[in-house]
Every structure is written in C-alpha cells, then in structure tokens.
Amino acid sequence: MLSRTAANLYWMGRYMERAENLARILEVGYRMSQMPDLANGGTRNEWSSFAIATGCEEEMLAKHGEPDLDASIAFMVLDGDNPSSIHSCLRAARTNARAVRTAMTSEMWESLNDAWLEFRGHWLQTLKRENLAPFLEWVRNQTSLFRGAHSGTMLRDDAFSFLNAGTFIERGDSTARILDMKYHILLPPGESLGGSVDYYQWTTLLRSVSALGSYHWVYREPIKPWLVAELLILREEMPRSLRYSLSRVNEFLGKIAEGHGQRFECNRRAGQLYSQLCYDNIEDVFQSGLHEYLTKFITRNNALGVSIAQSFHF
Amino acid sequence: MSEETTDSIVSFDEIVLPSGQPRPGMEQIAEWMVSASRSLLKARQAEAETLFRRIGITFAVYGEGGDPERLIPFDIVPRILLASEWDFLARGLEQRVRALNMFLNDVYHDGEILAAGRVPAKLVLQNKAYLPEMRGVSVPGNVYTHIAGIDLVRTGPEEFYVLEDNTRTPSGVSYMLQNREVMMRLFPDLFNNHAVAPVERYPEDLFETLHSVAPAGCDGDPTVVVLSPGLYNSAYYEHTFLADKMGVELVEGQDLFVKNNFVFMRTTHGPQKVDVIYRRIDDAFLDPLTFHPDSILGVPGLMNVYRAGNVSLANAVGGGIADDKAIYMYVPEMIDFYLGEKPLLKNVDTFWCDKPDDCAYVLDHLDELVVKEVAGSGGYGMLVGPKADAKERAAYAERVKASPSEFIAQPTLSLSTCPTFVAEGYAPRHVDLRPFVLVGADKVRLVPGGLTRVAMRAGSLVVNSSQGGGTKDTWVLNPPVGAADEGGADA
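Quick mapping for you: the protein sequence lines, in order, are chains A and B.
FYI, my numbering numbers position 76 of the first sequence as 76, with every residue one higher than the one before it.
FYI, my numbering numbers position 70 of the second sequence as 384, with every residue one higher than the one before it.
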C-alpha cells in the first residue's frame with residue numbers, strides 16, 4: 001500500500017473518532033451545566049474544564065471570550081478555522097477519504113460524504129443551543145454509520161488495519177480526556193466529595209461514553225469514582241476504555257507487522273503501553289493521582305502515534 | 315413533441331422527424347417519452363442529481379468562486395445511435411486513431427510524411443507541442459495515443475464530422491460509465507425493453523491496453539498505476555474512478571521516485587517498481603528536471619527512465635502534436651499517406667489564418683465562422699461568429715491579425731439536436747459525442763457509444779462542461795429481434 005494512502009486512512013479514522021468524542025465531551029458539559037444552579041452562587045466552570053480537556057483553552061478564550069455554552073458551540077462545533085472543531089474533523093475526514101477513494105468501499109465514502117454534505121448544508125446554518133442535543137445525537141449516528149460501513153464492507157487488509165489503528169489511538173486519547181474533565185470540574189462550594197453533585201457528575205461522565213448501563217452490569221453497585229475510573233481505564237470488556245483501545249491498536253499494528261514480516265518500533269511501544277494497562281490496578285492509578293496518570297497516558301499514546309507514522313514512512 | 319423551435323436554423327433532430335414522428339428505429343423510445351408522466355420524470359431527474367452528489371461525481375471549475383465541486387447537469391433522455399450508425403463510426407474512429415498513431419511515430423522518427431510534403435514540416439517541427447526530447451525515442455508497440463477521445467458532431471442522418479482529436483489526456487469516460495449506471499438505476503424498465511449495448515467493460519479494456527504496452531524488459535505481471543495531479547484537479551473524480559475500477563494504485567507525484575533508472579512507488583512495504591503509468595498530468599509537469607523546474611506534480615528523473623524504456627507512459631509524451639487544431643486539417647492526408655485508405659469520417663472545413671487567402675476569408679466572414687485558438691481547449695477563447703456582436707468580432711479580428719498562425723476558423727455547422735428534458739418539458743438541444751478509442755500494442759478497443767455532451771441552453775452550441783454543458787447517457791441500440799429485415803439490412 002502507498003504510504004500516503006496508509007496515512008490518509010489512519011487520519012480518516014482519527015478524525016471520525018475525534019468528531020464523535022467531541023460530541024461526547026460536549027454532552028458531558030451540556031448535561032453538567034443543566035444541574036440546578038445553587039442558591040449560594042456556585043460558579044459554573046463546566047465549559048472552561050471542557051476547553052481545558054480538549055486542549056483548546058487559550059484559543060477559545062482569545063476568540064470567544066470566557067467559555068460558556070454558546071462560545072463552546074461556536075468554537076468547538078462550527079468554527080472551520082479551529083482544526084479541532086467538529087466542523088474541521090468532518091471536513092478533514094472527507095478530504096482524506098477523497099484522497100484515498102480507491103482504498104475505500106463506496107458505502108464508506110457515501111457515509112462520510114453524506115455526513116459532510118448534511119453538516120455543511122444544514123447544521124452549519126441552523127445549529128443553536130436549542131438544538132444542540134439532536135445535533136450531538138446526529139454526530140453519534142453519523143459516526144456509527146461510518147463504523148458500520150467499514151466494519152461491514154471493508155476487506156480485512158492493511159487498509160482496514162491502518163484505519164483502525166488511527167481510530168483506536170484517537171479513542172484512547174479521547175476517553176482519557178473525558179475522564180480528566182472530572183478533575184478539572186470543581187465541585188460548587190458546600191458540596192462534598194461523594195455528595196449528590198459529585199454523584200451526578202460521575203454519572204454524566206459514564207453516560208457520555210454510553211457506559212452507564214455497562215457500569216451497573218459490571219459492578220452492580222452505586223456509582224463510585226474509583227470504579228468509574230477502573231471501568232474506563234482498565235476494563236478490557238469496555239469498548240471505550242484505555243485498555244480496550246490499546247488492545248486494538250496493538251492487534252492492528254501486529255497484523256500490519258505480520259504482513260510485512262517484520263516488527264517495527266511502533267509495535268514495541270504499543271505492546272509496552274498495552275501491557276502496562278493490563279498489569280496496573282486501580283489502586284496504582286489513584287496512588288499516582290488520576291490526573292497525573294491520565295496525563296502520562298496521553299503523552300505516551302501520542303508518542304505511539306508519531307512512531308506509527310515513522311515506521312510506515314507517512 | 316418539441317415545445318420550442320430553434321432560432322433560425324432548423325437542425326436535424328436525432329429522435330424526432332420534422333413531421334413530429336419518430337425517426338425509424340426510435341419508435342419505442344419516443345413512445346416512452348410521450349407516455350412517461352412529467353411528475354415521474356421530474357422526480358427521477360431530482361433523484362439522479364442526488365445520486366451524482368452522493369457518489370461525489372463532481373467537476374471542479376477554476377477561478378469562479380461558488381461551489382468548488384459542481385455537478386454536471388445530467389439529462390434523463392438518452393441519446394441513441396442505431397447499431398448500423400455505430401458500426402460505421404467505429405470503423406472510422408479506428409482508422410483515424412491508427413493514422414494518428416502512425417503520424418506520431420513518424421514525426422518522432424523518420425519524418426516521412428514531412429519529407430513527402432504532405433504535412434508542412436514547419437507546422438510540426440516549430441510547434442510548441444512537438445517535443446524534441448522525444449525524437450528517436452521508441453515506445454512499446456509504437457503506440458503514442460493509447461487513449462484517444464475523438465469529438466464528433468452530426469448534421470444529418472449520415473453526416474458525421476470530426477470536430478477535434480484529443481490525443482493527450484482526454485477526460486469524461488467516467489461520466490459515460492456513471493451516466494449508464496444512473497440510468498439503469500432510475501429506469502430499469504427502459505433497459506428491459508431495449509437492446510442497449512453495454513459499456514461496462516471499458517475499465518477492463520483500458521487495463522488490458524495498458525498491460526499490452528508494458529516495457530519490453532518487464533518480466534512478470536507489469537505494475538500499472540494511475541498518476542493524478544491530486545484532488546484539486548478538475549478531473550480528480552475520474553482518476554479515482556478509473557484506478558478503482560482497474561484495481562490499481564492511484565498515485566501522485568510525491569508517491570513516486572526514480573532510482574537506478576527505474577520508477578518506484580513509496581509503499582508501507584518499502585519501494586515497489588512501477589512499469590506502466592496512465593498519467594493524467596500534462597507533459598510539461600511530468601518531470602521537473604526536463605520540463606518546468608518548479609513543478610511539484612511530477613517525478614524528478616522520470617523522463618530519463620522513460621527514454622531508457624524502463625517505464626511506459628500512457629499517453630506517450632509529445633502526443634499533443636496530433637491534437638493541435640492546425641494539424642487536424644491534415645488528418646485526412648495522414649489516413650491516405652499511412653493507410654492508403656479514404657477517410658471514413660469527415661473533417662470540418664477548416665481555414666488556417668497562417669495562409670493569407672484563408673486569413674482574408676476568415677476576416678471577411680467572421681459573422682459566419684467559429685474561430686478558435688490553435689492551442690486552446692475547453693471552449694475557452696473562441697469566437698462564435700453568428701452569436702457575437704460587431705464589437706466582439708472587431709476585437710477578435712485584432713487578435714487574429716496580430717498572430718494569424720495561432721487561429722483556425724470553421725463554418726458553424728447546424729449541429730444535430732436531441733430532445734432534452736428541461737423545465738418546460740422536452741426541448742431540442744444541441745449535442746456532440748466523444749467516443750473513447752483505446753489503442754494497445756495488440757489491438758484497438760472501443761466500447762459502443764461514448765460521452766454525449768449537451769448544450770443545456772436553448773440554441774446554444776457550447777457543450778463544454780466548463781461552460782455549463784450537460785451530459786446524457788449514450789445508447790447504441792441493437793434492433794429488436796425479428797425487426798432486422800424491416801430496415802432493409804443485408805443478411
């Protein structure tokens with residue numbers, strides 16, 4: 001396969017996954033902002049924590065002032081100049097797809113093309129805070145369609161592996177960032193750790209990754225922070241967890257290496273990162289500090305991405 | 315059936331006779347046109363548009379702002395050629411393209427036709443499209459134009475004219491194939507009731523053609539690729555389409571490199587040798603070391619590999635000389651000179667302003683002629699005399715006087731029309747036809763039909779997609795079983 005094709009497939013996977021996770025992150029913020037405002041004037045900081053989690057705090061502040069719901073929609077969804085907005089992700093995914101149409105099935109192309117045309121033709125003009133919820137649902141539907149299209153129609157060859165390697169690198173990154181939002185969201189004064197607001201926040205987080213039901217299924221216990229963290233970091237059966245994401249990255253890079261008859265630096269790094277997640281337990285995680293643990297993961301996961309590009313001459 | 319009369323000229327309509335009756339052979343389609351309800355046709359037309367947009371069959375128009383990915387209007391009424399008409403055209407096309415290829419081989423080698431004085435040497439040797447870099451270079455099978463798009467127009471039942479020979483990188487074949495695809499999806503019954511000759515094997519024919527011209531030293535299966543300038547090119551959709559249908563890599567210049575006098579592509583498995591390149595990049599951008607030094611589209615060193623015979627390029631470098639509007643005048647000479655045959659397809663009478671008599675005539679009759687730049691294409695920079703006003707003609711006359719050899723002129727032909735479904739219903743619109751002729755080292759291949767382009771505006775003769783023209787599905791129609799004796803066909 002052409003290196004450029006591999007790069008385009010890898011990034012197409014990343015951008016679609018990123019669009020989906022941005023929608024999920026926005027949903028966390030949106031639901032959290034719907035908590036009843038407390039009489040004692042508790043400050044609202046969901047939106048700045050959202051900006052911090054997506055790594056866009058400074059630009060957003062510079063362009064739209066103090067982060068709030070409207071600024072977040074304007075910057076994180078609609079702004080075509082912000083390379084991390086949903087707008088830019090959908091556009092970039094489609095541009096990548098156009099560049100590698102020969103490596104895709106027509107169903108994949110049509111799902112991406114439809115998503116882009118509908119975003120540009122409809123949502124870009126009409127999206128307001130009032131219809132944010134149906135929009136976020138639309139994004140999830142589009143990304144599910146794309147996933148269904150490639151998992152149902154693509155040959156299981158290198159193209160499929162590169163696409164998936166990108167997807168799961170991005171998913172690991174996003175889940176870590178979503179979980180890290182909880183660290184940045186301060187509890188309103190007077191609210192205690194483990195109190196009702198805290199509980200609501202953890203629940204929202206689980207909901208955003210569609211894992212509330214799974215939590216109850218796995219633990220059969222009330223929501224506890226360390227169990228939420230365990231589910232999203234260490235549980236391999238949870239399809240958006242760090243461990244699951246890395247197991248996939250490891251697997252797809254392994255398939256590529258097999259086809260090449262040699263292993264690369266990226267295989268080594270992926271294996272290392274995945275093993276760590278297999279052998280860590282939740283006590284270790286909290287011992288080192290959840291935020292620190294996640295930050296370290298994001299850095300190593302990024303380095304893995306760079307190493308993939310180097311190994312295959314992107 | 316027609317609800318609109320063309321201005322002054324009464325054109326030949328390919329489906330409807332002046333009496334309003336269908337032409338012989340067109341009865342069935344005419345019946346369908348009358349019986350299909352307008353609301354159904356409108357719905358199907360909208361559906362066609364959605365399909366084209368979804369599949370992403372778009373066309374980029376440069377420098378006009380607006381939608382950078384524009385749809386080419388598609389008309390749902392097919393353009394029909396009877397099998398007997400097509401057989402004649404096919405023979406004429408093959409003859410013409412063979413002669414063009416022999417001409418190219420000749421002018422880059424012995425120059426016999428020039429020595430014999432049958433084509434003016436100056437016209438060839440001093441032409442910008444004639445590349446001295448190609449002199450004496452041998453190409454596999456002596457094939458230069460592997461893919462030719464010959465533009466034809468029709469003025470009457472038996473009158474077909476060649477308007478232009480496209481021997482460099484003719485485009486539009488993807489529209490021919492997708493038009494058929496969309497028509498079959500929208501009107502399956504029409505295809506059940508008509509014996510329409512299939513065109514689907516074109517990509518396979520193209521692949522076999524490219525295979526046949528692999529470099530002599532290539533052992534094993536040659537690696538074929540399609541080389542595109544990238545996704546901002548107006549024909550990018552077509553490049554992806556053809557690579558996809560042939561099952562070969564679509565590459566850009568950055569994906570290729572030259573080493574040890576061979577061409578390789580960069581893959582995740584490391585370098586892989588490339589043998590045949592179907593290139594959709596113009597000569598001037600192929601190799602920055604030989605041509606434009608600042609071009610980033612091409613592959614440095616490609617020309618050396620090519621001249622060494624280690625890679626085949628389709629179409630061959632330097633073929634533009636056969637596509638020149640002045641050389642066009644001499645194609646009948648070529649057919650006579652190389653094949654000793656009479657040309658089956660006619661040329662349009664052409665005046666070349668380099669000849670003083672011709673020039674004087676052209677300047678006197680600007681209001682009757684179409685004047686074109688010898689090196690122009692895409693319908694840009696031409697003067698349609700009868701449609702221009704005195705001021706435009708005067709301005710154009712100045713350009714012609716300034717450099718007469720750059721201009722040719724042709725009488726305005728009364729192009730045939732086809733009923734076309736427009737806002738008001740059916741109306742006659744002018745059409746042309748671009749069949750695609752594939753020339754391999756082994757044989758000539760040709761799928762029945764081609765791309766029909768249609769001028770969507772009433773009375774307009776300009777069919778180029780860059781000028782708002784549309785397309786139609788083109789049918790070569792075999793007579794229904796048992797009806798063969800009706801038209802007096804021989805046994």
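The beta-carbon is built from N, C-alpha and C at its ideal position, and this holds for glycine as well.
Between residue i and the rest of its own chain, which residues show a CB-CB distance below 6 angstroms, the 5 nearest in sequence each way excluded?
| i | result |
| --- | --- |
| B/R432 | E647 and F651 |
| A/A149 | E107, M108 and S111 |
| B/C667 | C673, V676, V714, P718 and F721 |
| A/A71 | H64 |
| B/A509 | N792 |
Using a Cβ cut-off of 7 angstroms (strictly closer), state whether residue i contacts chain B.
| i | result |
| --- | --- |
| A/N113 | yes |
| A/G42 | Legend: pLDDT at A/G42 = 47, less than 50; position of this residue unreliable, no value from coordinates given. |
| A/R156 | no |
| A/W47 | no |
| A/S3 | yes |
| A/A348 | Lying before the first or after the last residue shown, residue 348 of chain A is absent from chain A, which here runs from 1 to 314. |
| A/E110 | yes |
| A/A6 | yes |
| A/A39 | Its pLDDT being 43, under 50, A/A39 is placed unreliably by the model, and the measurement read from it follows with that caveat. So, not an interface residue. |
| A/R98 | yes |
| A/F264 | no |
Hey, could you find the ends of the alpha helix (DSSP H) residue i is sitting in?
| i | result |
| --- | --- |
| A/D280 | No alpha helix (DSSP H) holds A/D280; DSSP gives it neither H nor E. |
| B/D597 | From DSSP, B/D597 is part of no alpha helix (DSSP H); its letter is neither H nor E. |
| B/C732 | B/C732 -> not in any alpha helix (DSSP H); beta strand (DSSP E) instead, spanning T731 to V736. |
| B/N415 | A397 to V421 |
| A/T143 | L132 to T153 |
| B/M617 | L616 to R621 |
Starting from the C-beta of residue i, find all residues in its chain whose C-beta is less than 8 angstroms away, skip the five residues before and the five after it, and write them out in chain order.
| i | result |
| --- | --- |
| B/F578 | L570, F571, V572, P585, Q586, K587 and V588 |
| B/S730 | S325, F326, D327, E328, V467, R468, T469, G470, H744 and V745 |
| A/E265 | S307, Q310 and S311 |
Please report the residue range of the beta strand (DSSP E) in which residue i lies.
| i | result |
| --- | --- |
| B/F474 | E473 to N480 |
| A/I185 | A/I185 -> no beta strand (DSSP E), and no H or E assigned at all. |
| A/Y248 | Checking the sequence shown, residue 248 of chain A turns out to be Arg, not Tyr. Premise fails: A/R248 lies in the alpha helix (DSSP H), L242 to H260, not in any beta strand (DSSP E). |
| B/Q359 | Run containing B/Q359: none in the beta strand (DSSP E); it sits in the alpha helix (DSSP H), R352 to I369. |
| B/S626 | S626 to A628 |
| A/M108 | No beta strand (DSSP E) contains A/M108, which is instead part of the alpha helix (DSSP H) from S106 to E118. |
| B/P742 | G739 to R748 |
| B/R432 | Counting along the chain, B/R432 falls outside any beta strand (DSSP E), and DSSP gives it neither H nor E. |
| A/T299 | Here A/T299 belongs to no beta strand (DSSP E); instead the alpha helix (DSSP H) covers L290 to S311. |
| A/K63 | No beta strand (DSSP E) contains A/K63, which is instead part of the alpha helix (DSSP H) from E57 to H64. |
| A/W123 | Unbroken run through A/W123: none, as it is neither H nor E. |
Since I believe residue j is in contact with residue i (beta carbons under 8 angstroms), could you give me their beta-carbon distance rounded to a whole number of angstroms?
| i | j | result |
| --- | --- | --- |
| B/A549 | B/R494 | The Cβ separation is near 19 angstroms, so there is no contact. |
| A/V197 | A/L127 | In fact, because the Cβ distance is near 29 angstroms, the residues do not count as touching under 8 angstroms. |
| A/F297 | A/A176 | 5 angstroms |
| B/G567 | B/T459 | About 23 angstroms separates the two Cβ atoms, so there is no contact after all. |
| A/F50 | A/M181 | 7 angstroms |
| A/E221 | A/L227 | 7 angstroms |
| B/G463 | B/N480 | 4 angstroms |
| B/L385 | B/S488 | Not confirmed; about 13 angstroms, so no contact. |
Got a sec: is the Cβ-Cβ distance from residue i to anything in chain A below 7 angstroms?
| i | result |
| --- | --- |
| B/R499 | no |
| B/L545 | yes |
| B/E378 | Bear in mind that a pLDDT of 49 at B/E378, under 50, signals an unreliable position, so the model cannot answer this. |
| B/G370 | yes |
| B/A716 | no |
| B/L564 | yes |
| B/L791 | no |
| B/R352 | no |
So, at 7 angstroms on beta carbons, what are the nonlocal neighbours of residue i in its own chain, with the 5 sequence-adjacent residues on each side left out?
| i | result |
| --- | --- |
| A/K275 | It should be pointed out that residue 275 of chain A corresponds to Ser in this sequence rather than to Lys. Nothing meets the Cβ criterion. |
| B/N619 | Note that residue 619 of chain B is Val in the sequence shown, not Asn. Cβ neighbours of B/V619 beyond the five flanking positions: V572, N575, F576, V577 and V625. |
| B/P387 | M770 and G784 |
| B/A622 | N575 |
| A/L294 | A176, L179 and D180 |
| B/S609 | F599 and P602 |
| B/V513 | M490, L491, R494, V761, P762 and G763 |
| A/I73 | L127, R129 and L132 |
Go through the region 629 to 659 of chain B residue by residue and report every complete run of the beta strand (DSSP E) that reaches 3 residues or more, in order. Runs found: none.
Which runs of the beta strand (DSSP E) spanning at least 3 residues fall entirely within the region 680 to 734 of chain B, listed in chain order? Runs of beta strand (DSSP E) with 3 or more residues, each lying fully within the region 680 to 734 of chain B, are found at 683 to 687 and 721 to 725, listed in chain order.
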